[in-house]
Structure formats: structure tokens, C-alpha cells
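Here the structure is laid out as C-alpha cells; the discussion comes afterwards.
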């Protein structure tokens, strides 16, 4: 399966398990996760990443991301599980 089989080029979002998921949600989560775990990230950047991660969690769970992949960073794994 290819990305366009999930969301064709002309679509920016679709519903998965009853939750609207925008194209780019998984990529944004990965970028935010890198910022969140980066000890050199500013507190402001880390707080923004944290807020964006929390906002994305329903969509990521609807996609089943965490049923397939484990978060390797222990602090981030605990944060994701608690939100």
C-alpha cells in the first residue's frame, strides 16, 4: 500500500475510526517528538511540541500507530501513555 492509497493527492484529511486525521499527522508527531526529547530544545519549543503531541494523539490512536510501533524514549512513552 502506498501513501496515496490512504489519502489521495486531492485529499488533505479523512476519517479513521471516527476521527478526522489530516495528512501529515504522523510526520508532525515525529518532528514534535524529536523536539520534545531534545535536551537542547528551548522550554518554549518543548511546550509547543508537547501541546501539539497531545492534540495529535486521538488521530494517532485512531490510525493504530501505537498498536504497531512502540515509542523507544521512556519519558516520551510515559507522556504519550498518560495523555
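Numbering (my numbering), first residue to last: 59 to 141.
Built from N, CA and C at the ideal position, the CB exists for glycine as well.
Just so it is clear, the structure is predicted and the values come from calculations on it, not from any experiment.
Of the residues assessed, residue 105 falls on the exposed side of the cut-off, its CB having fewer than 16 other CB atoms within 10 angstroms. Assigned with DSSP and collapsed to three states, residue 78 falls in strand. Between residue 94 and residue 67, the alpha-carbon positions lie close to 30 angstroms from each other. In the three-state reduction of the DSSP assignment, residue 96 falls in the coil class. Put simply, the backbone Cα of residue 85 is about 19 angstroms away from that of residue 99.
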